[in-house]
DNA sequence: AATGATTTCAACCGCAAACAA
DNA sequence: ATTGTTTGCGGTTGAAATCAT
């Protein structure tokens, strides 16, 4: 397994991209398409490594990038997806049309991470005070157990058709949740165990849906965000992007 | 207005998976 | 099956912007 060529070769430009470099890269990809990143710098006349070109394109130059502030809906969705997936930024970004993994990662690290930390410490403080009276918290858990897939779930009916492997996997996945003493909805399982990278869109949305049901059955997550309903505009956007199933009205 | 502290975010780095020969 | 190459990901860095004094 070779090490990536890296961007440390001498003679290559580093740091912020200039408007001219952006234009060269855009022009090149417009006519030749994405891919073959290693060749792009040479062929586009850029003194950058392929990796840097790829990053610049994916995070900044792509025409479908949505720039501007993260909306409240997106904010809420990121929090929920992060609960479900952890730091799988690319997976999370894949459910937010026009947003990049880098952007979401930055947003999490600068805004949401702190916000949740603050809320957690608030909770843990109040829990400390209550602790003598309350029972030990029941853990919130996701269990993996044999369970038949429900016939036709209206909320998931628009998901792309599952492959047989998908279906097989879904047959073995059931998500249950329990409210813990703090009212937090924390997950006691490692999503990695489910090999999320292998999970198709259809599976993903079923997981999301089951996750949602778990929250509804088990109470809120302590943030009060579970009652949040998304705007019609956002819903339409997600429908257009195949992300409808995460809409909750 | 000056300056130091803090925050933001684009870009880089290293690793590992995926792919090709 | 093995080895080398390419691509994609998540963590981290540091320059620029913003805020506080």
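Residue numbers (the UniProt record's numbering): 1 to 249.
Don't be surprised by glycine CBs; every beta carbon is placed ideally from N, CA and C.
Here the structure is a predicted model, which is why all the values come from computation and not from measurement.
Just to confirm my understanding: we take residue i, look at its own chain, exclude 5 residues before and 5 after, and list those with CB closer than 6 Å. What are they?
i: residue 4; result: Interpretation of residue 4 is limited by its pLDDT of 36, a score under 50 that renders its predicted location unreliable; the figure taken from the coordinates is listed afterwards. Once the five neighbours on either side are set aside, residue 4 has no close Cβ partner at all.
i: residue 91; result: 85
i: residue 107; result: 70
i: residue 93; result: 99, 100, 101 and 104
What would DSSP say about residue i, mapped onto helix, strand or coil?
i: residue 109; result: helix
i: residue 18; result: coil
i: residue 53; result: helix
i: residue 13; result: coil
i: residue 103; result: helix
i: residue 42; result: helix
i: residue 157; result: The pLDDT assigned to residue 157 is 31, lower than 50, so where the model puts this residue is not dependable; a value taken from the coordinates is nonetheless given after this. Residue 157: coil per DSSP, three-state reduction.
i: residue 69; result: coil
Provide the residue span of the alpha helix (DSSP H) that contains residue i, from first to last.
i: residue 77; result: 72-85
i: residue 65; result: Here residue 65 belongs to no alpha helix (DSSP H), and DSSP marks it neither H nor E.
i: residue 91; result: 89-94
Give every residue of the same chain whose Cβ lies closer than 8 Å to the Cβ of residue i, excluding the five residues on either side of it in the sequence, and list them in chain order.
i: residue 24; result: 44, 45 and 46
i: residue 18; result: none
Nearest CA to the CA of residue i: which residue from the options?
i: residue 56; options: 87, 96, 110 and 40; result: 40
i: residue 82; options: 48, 59 and 113; result: 113
i: residue 109; options: 15, 34, 35 and 75; result: 75
i: residue 37; options: 30, 28 and 54; result: 54
i: residue 73; options: 11, 16, 52 and 95; result: 95
i: residue 48; options: 68, 20, 98 and 32; result: 20
i: residue 66; options: 100, 50, 119 and 111; result: 100
i: residue 116; options: 93, 26 and 78; result: 78
i: residue 14; options: 27, 28, 32 and 51; result: 51
Within the present structure, is the beta-carbon of residue i separated from the nearest heavy atom of the ligand ZN by less than 8 Å?
i: residue 72; result: As presented, the structure is devoid of all ligands, the ligand ZN included, so that no description of it is given.
Using C-beta distances below 7 Å, list every residue in its chain close to residue i, excluding the 5 sequence neighbours before and after it, in chain order.
i: residue 11; result: 47
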